[in-house]
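Colleague: One gets the numbering used here by counting positions in the sequence shown from 1 and adding 26 to each.
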Amino acid sequence: MRIAHVSEAFGGGVQTAIVNYITATPEHDHHLLIRSRPGHGTIGIPENVGVSGYSGSILGYLRHARRQVVDGDFDIVHLHSSFAGVLRAVLPARIDIAYSPHCYATETGSRPALRLAYHAAEKALSLRPQILVAVSPRERQIGYALNPRMPATIVPNCATAAAPETAPEKAQERTDLRPTVAMTGRICAQKDPRFFAEVANILHNNGFRFIWIGEGDDGADGLRAAGVEITGWLTPAESRGILRHADLYLHTAAWEGGPLAPLEAAAAGCPVLSRTIGSMSSLGYRVVGNTPAQAATAVNEFFSSDDFRKQAENSTAAVLRYHSLANMSEALKEAYRMTIRG
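#1: Within the stretch 100 to 157, note down every full beta strand (DSSP E) run reaching 3 residues or more, in order along the chain.
#2: Out of H128, H31, V77, point me to the one whose CA is closest to G39's CA.
#3: Roughly how many angstroms separate the alpha carbons of T302 and G315, rounded to a whole number?
#4: Rounded to the nearest angstrom, how far is the Cβ of S305 from that of V313, given a contact under 8 Å?
#5: Under the assumption that M176 contacts L158 (Cβ atoms under 8 Å), give the Cβ distance between them as a whole number of angstroms.
#6: May I have the straight-line CA-CA distance separating V75 from I123, to the nearest angstrom?
#7: For S305, which of helix, strand or coil comes out of DSSP?
#8: I'd like to confirm the pairing. Which residues does DSSP put opposite M12 in its beta bridges?
#9: Cβ atoms of R154 and V116: under 7 Å apart, would you say?
#10: Can you tell me the Cα-Cα spacing of L203 and A321, whole angstroms?
#11: Taking the straight line between their C-alpha atoms, what separation do you get for H31 and N353?
#12: Give the straight-line distance between the Cα atoms of R63 and I256, rounded to the nearest whole angstrom.
#13: Evaluate V77 with the Cβ neighbour count: other Cβ atoms within 10 Å of its Cβ, from every protein chain shown; 16 or more gives buried, anything less gives exposed.
#14: Any idea which residues DSSP pairs Y275 with across the strands?
#15: Let me know if K217 comes out buried or exposed under the rule of 16 or more other beta-carbons within 10 Å of its beta-carbon.
#16: Under the rule that 16 or more other beta-carbon atoms within 10 Å means buried, what is A319, buried or exposed?
#17: Of all the options L309, P219, A293, A324, which has the alpha carbon lying nearest to the alpha carbon of V161?
#18: Look at the alpha carbon of V45 and the alpha carbon of L105, and state the distance between them as a whole number of angstroms.
#19: Whose C-alpha, out of C296, M364, E264, is nearest the C-alpha of S341?
#20: Compute the minimum distance between the beta carbon of A343 and the heavy atoms of the ligand GTP, and state whether it is under 6 Å.
#21: Hey, out of R235, T210, G248, T179, whose CA is closest to A223's CA?
#22: Can you tell me where the beta strand (DSSP E) with E53 in it begins and where it stops?
#23: Compare the C-alpha of R61 against each of E133, F234, R89, D55 and name the closest.
#24: Would you give the residue range spanned by the alpha helix (DSSP H) that E73 belongs to?
#25: When the distance is taken between beta carbons, is I84 closer than 7 Å to E148?
#26: Give the secondary structure of A35 by DSSP, where H, G and I count as helix, E and B as strand, and everything else as coil.
#27: Alpha carbon to alpha carbon, what distance is there between G240 and R363?
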């Protein structure tokens with residue numbers, strides 16, 4: 027089948043997820059209709075994939091993508107993210123659509139009036155024939171609430187599907203022996219660096235080391251003031267090196283769809299604790315409350331209680347087992363079979 031992947035914000039976790047989908051279903055002819063996010067590239071696009079890029083405004087991109095889809099003779103059009111999902115309103119009814127929000131816009135920390143507008147738009151767009159390809163039980167639940175009759179399935183993300191076969195990375199000696207707590211992502215409101223900084227402030231006398239892998243402006247000063255080390259953007263190999271030496275990954279995001287960063291930490295052997303949000307609870311991570319004080323208590327308990335640490339290790343291992351390339355591949359193949367209406 028010819029499959030078009032449409033994304034107005036190609037980069038970060040969305041880029042990784044799309045490339046992983048391509049890797050998981052090599053029997054299909056994949057094409058990318060994308061508007062890239064400068065400075066947010068992650069893993070490379072396979073050489074046999076057709077790419078049509080666009081560098082203008084979002085509105086211009088949506089017009090461009092619609093023309094490409096209508097003229098492209100694709101069997102399936104896979105829309106990635108809520109903004110790309112707007113195309114459901116203007117694509118011809120004959121086109122078979124798979125829709126992956128990668129976190130519904132209704133989950134964001136936007137003003138209540140804006141969230142209501144997003145909800146109304148998503149509800150209206152859910153009425154068109156399509157299949158929801160969710161990345162977590164929480165995301166599927168939201169889809170069913172919008173339209174109980176909309177077909178929906180879960181395709182788990184995978185941390186390692188697109189990892190290239192390379193020579194083994196050289197083991198780096200750990201030079202800082204303090205218990206290390208890490209977090210990965212762009213420093214922005216969604217990832218809530220203020221929450222992470224407050225945990226670091228609460229525990230500043232406990233001898234822990236806090237590291238944020240990534241960069242950004244919205245909250246970086248607060249992280250530095252709390253003594254958090256900010257690495258800037260690193261290569262995947264460099265990130266894995268830090269996570270292999272970290273003792274704990276603490277995911278503090280305020281909202282998510284089905285994030286890749288905790289999976290990458292788990293794949294590097296780093297146990298995961300998470301702030302309590304719907305998606306992370308539904309995925310099976312060990313959640314520890316929705317306040318920095320609760321999270322700080324859990325971090326302390328992780329390092330002081332063998333039973334608590336084992337619980338975190340076991341839940342992390344279970345999540346990683348489920349989020350495998352084999353499970354992603356099988357679920358995505360079934361999703362695409364469900365998308366075709368005949």
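For every residue, glycine included, the Cβ atom is placed at its ideal position computed from N, Cα and C. Predicted, not measured: the structure shown is a model, and the values here were computed from it.
Modeller: Reading off the structure:
#1: Listed in chain order, they are 102 to 106, 123 to 126.
#2: Among H128, H31, V77, the Cα nearest to that of G39 is on H128.
#3: Each residue's alpha carbon lies about 5 Å from the other.
#4: About 10 Å; that fails the 8 Å criterion.
#5: About 6 Å separates the two Cβ atoms, so the contact holds.
#6: When rounded, the separation of the alpha-carbon atoms in V75 and I123 is 19 Å.
#7: In this structure, DSSP gives S305 a helical state, which the three-state scheme calls helix.
#8: For residue 12 there is no data in the structure shown, the boundaries of the chain being 27 and 368.
#9: For the 7 Å CB-CB criterion, V116 and R154 do not form a contact.
#10: Distance between the alpha carbons of L203 and A321: 22 Å.
#11: Straight-line spacing of the CA atoms in H31 and N353 works out to 20 Å.
#12: I256 has its alpha-carbon roughly 21 Å from the corresponding atom of R63.
#13: Exposed is the call here.
#14: According to DSSP, Y275 bridges with A208, V298.
#15: Result: buried.
#16: Looking at its Cβ environment, which holds fewer than 16 other Cβ atoms inside 10 Å, A319 is exposed.
#17: A check of alpha carbon separations from V161 across L309, P219, A293, A324 identifies L309 as the nearest.
#18: Between the alpha carbons of V45 and L105 lies a distance of about 14 Å.
#19: Of the candidates C296, M364, E264, the one whose C-alpha sits nearest the C-alpha of S341 is C296.
#20: Looking for the ligand GTP in the displayed structure turns up nothing, as the structure carries no ligands at all.
#21: The residue with the shortest Cα to Cα distance from A223 is G248.
#22: That residue, E53, is in no beta strand (DSSP E); it is neither H nor E in DSSP.
#23: R61 has its Cα closest to that of R89, out of E133, F234, R89, D55.
#24: No alpha helix (DSSP H) holds E73; DSSP gives it neither H nor E.
#25: No, the pair does not count as a contact, with Cβ atoms beyond the cut-off.
#26: DSSP places A35 in strand when its eight states are reduced to three.
#27: Straight across, the Cα-Cα distance linking R363 with G240 is about 37 Å.
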